[in-house]
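Note that the numbering used here numbers the sequence shown so that position 141 is 162, with each residue one more than the last.
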Amino acid sequence: MNRYPQAIGVLNSLILKDSTNTKVLIDLAECYKLTGNSRRAADCYQKAMNLQPENKYFRLQFIRSLLASENYEEARTACHGWLERDSLSATGYKYLGQAYEGLQDAASAFLSYNIAYRRDSLDAQTVARIAGIFNNNRQFKDAIDVTERYRLSDTTHIDVNRQNAKAYCMLKEYGTAVKRYESLKGLGDRSFLTLYYLGVSHYGDNWFYGAYDNLKEAIRKIRWM
Numbered sequence: 022m023n024r025y026p027q028a029i030g031v032l033n034s035l036i037l038k039d040s041t042n043t044k045v046l047i048d049l050a051e052c053y054k055l056t057g058n059s060r061r062a063a064d065c066y067q068k069a070m071n072l073q074p075e076n077k078y079f080r081l082q083f084i085r086s087l088l089a090s091e092n093y094e095e096a097r098t099a100c101h102g103w104l105e106r107d108s109l110s111a112t113g114y115k116y117l118g119q120a121y122e123g124l125q126d127a128a129s130a131f132l133s134y135n136i137a138y139r140r141d142s143l144d145a146q147t148v149a150r151i152a153g154i155f156n157n158n159r160q161f162k163d164a165i166d167v168t169e170r171y172r173l174s175d176t177t178h179i180d181v182n183r184q185n186a187k188a189y190c191m192l193k194e195y196g197t198a199v200k201r202y203e204s205l206k207g208l209g210d211r212s213f214l215t216l217y218y219l220g221v222s223h224y225g226d227n228w229f230y231g232a233y234d235n236l237k238e239a240i241r242k243i244r245w246m
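Shown next, in the form of structure tokens:
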């Protein structure tokens, strides 16, 4: 019935009676997530994880909740705890990269993403984040290489395509950039950056009507922010 505050009250009373009930802890964590309280959700997942240390789902949700609540130091520690148990985990390194990004340690983030990528080159989130670091470092050809390799198996992932399109735009390969950004719009992406860079790409490709229409829509996005 979407009455999450009432559900939280009931579930907390049940936890007081039995603090070892992982089913109740997970239900409580989900309610906290749905009300935007990621920190409380993380606490619940941590309690469930401590009761069942081998449960990967509890550990994964604990780390995700820490990242969502911007507790990056704790998330980094939790990721290292995961990797001590499973040093081959691509997922563990991916979330470690996110924790380092939150800590503004780009070098460690890239190293973590690179390890994750070597273990699973088809994880779209990892590919998009590696490409994002390449774009931020103005390594646009590297961003294209990693995203085009991913696109051989999937051309629909929005975050990967955003980084791919941006790299083409920054290299002034405007014709390809236009195709990528128009494809993003076709996938339902009408974010400010997509509209802005599409407008820039149309301008660079000498189609001024397209530039005007998309830049105008991008400006409208800013006014509503």
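Built from N, CA and C at the ideal position, the CB exists for glycine as well.
Legend entry - C-alpha gap between GLN160 and SER142, whole angstroms: Working through the sequence shown from its first residue, we reach residue 160 at position 139. Working through the sequence shown from its first residue, we reach residue 142 at position 121. In this structure, the straight-line span from the alpha carbon of GLN160 to that of SER142 is close to 19 Å.
Legend entry - Alpha-carbon to alpha-carbon, CYS65 and SER40: For the purposes of this step, residue 40 is identified with residue 19 of the sequence shown, where counting begins at 1. For the purposes of this step, residue 65 is identified with residue 44 of the sequence shown, where counting begins at 1. Roughly 10 Å separates the two Cα atoms.
Inset, instruction - Within 10 angstroms of the Cβ of MET22, are there 16 or more other Cβ atoms? Answer buried if so, exposed if not. - result: The residue given as residue 22 occupies position 1 in the sequence shown. Looking at its Cβ environment, which holds fewer than 16 other Cβ atoms inside 10 Å, MET22 is exposed.
Legend entry - Nearest-angstrom Cα separation, counted from ALA137 out to THR147: Position 126 of the sequence shown, counting from 1, holds the residue named residue 147. Position 116 of the sequence shown, counting from 1, holds the residue named residue 137. Just so you know, the alpha carbons of THR147 and ALA137 end up roughly 7 Å apart.
Legend entry - Helix, strand or coil at SER86 [DSSP, three-state]: As a working note, residue 86 is residue 65 in the sequence shown. Three-state DSSP puts SER86 in a helix.
Legend entry - Given TRP103 as reference, the closest of LYS77, GLU122, GLU91 once Cα atoms are compared: Within the sequence shown, the letter at position 82 stands for residue 103. Of the candidates LYS77, GLU122, GLU91, the one whose C-alpha sits nearest the C-alpha of TRP103 is LYS77.
Legend entry - Inter-residue spacing [alpha-carbon to alpha-carbon] between GLU91 and THR176: Residue numbering aside, residue 91 sits at position 70 when the sequence shown is read from its first letter. Residue numbering aside, residue 176 sits at position 155 when the sequence shown is read from its first letter. Looking at the two C-alpha atoms, the distance is approximately 31 Å.
Legend entry - C-alpha distance - ARG61 paired with TYR53, whole-angstrom precision: On the sequence shown, position 40 is the one that residue 61 refers to. On the sequence shown, position 32 is the one that residue 53 refers to. Straight across, the Cα-Cα distance linking ARG61 with TYR53 is about 6 Å.
Legend entry - Simplified DSSP state of SER40, which is helix, strand or coil: The residue labelled residue 40 in the question sits at position 19 within the sequence shown. Looking at SER40 - three-state DSSP - the assignment turns out to be coil, as it is neither helix nor strand.
Legend entry - Alpha-carbon spacing of ALA50 relative to ALA63, whole angstroms: The count along the sequence shown starts at 1 and reaches residue 50 at position 29. The count along the sequence shown starts at 1 and reaches residue 63 at position 42. Here the alpha carbons of ALA63 and ALA50 stand approximately 7 Å from one another.
Inset, instruction - Leaving out five residues on either side along the sequence, give the residues of the same chain with a beta carbon under 7 Å from the beta carbon of LYS187. - result: Taking the sequence shown and counting its residues from 1, the one referred to as residue 187 is at position 166. ASN156, TYR218.
Legend entry - beta-carbon GLY118 near the ligand GDP non-hydrogen atom, thresh 6 Å: Because no ligand of any kind appears in the structure shown, any question about the ligand GDP cannot be addressed here.
Legend entry - Start-end ranges of the alpha helix (DSSP H) lying completely within the stretch 110 to 192, minimum 4 residues: Those alpha helix (DSSP H) runs which fall completely within the stretch 110 to 192 and span 4+ residues are 111 to 123, 127 to 140, 145 to 157, 161 to 172, 179 to 191.
Inset, instruction - Inspect the beta-carbon positions of TYR134 and ILE84 and report whether they are closer than 7 Å. - result: For the purposes of this step, residue 134 is identified with residue 113 of the sequence shown, where counting begins at 1. For the purposes of this step, residue 84 is identified with residue 63 of the sequence shown, where counting begins at 1. Not closer than 7 Å, so no.
Inset, instruction - Please confirm whether ASN182 and ARG170 have their CB atoms less than 7 Å apart. - result: Within the sequence shown, the letter at position 161 stands for residue 182. Within the sequence shown, the letter at position 149 stands for residue 170. Annotated as distal: ASN182 and ARG170, with beta-carbon spacing of 7 Å or more.
Inset, instruction - Can you grab the Cα-Cα spacing for the pair TYR238 / ASN185, in whole Å? - result: Taking the sequence shown and counting its residues from 1, the one referred to as residue 238 is at position 217. Taking the sequence shown and counting its residues from 1, the one referred to as residue 185 is at position 164. Going by the sequence as given, residue 238 is Glu instead of Tyr. When rounded, the distance between both Cα atoms is 22 Å.
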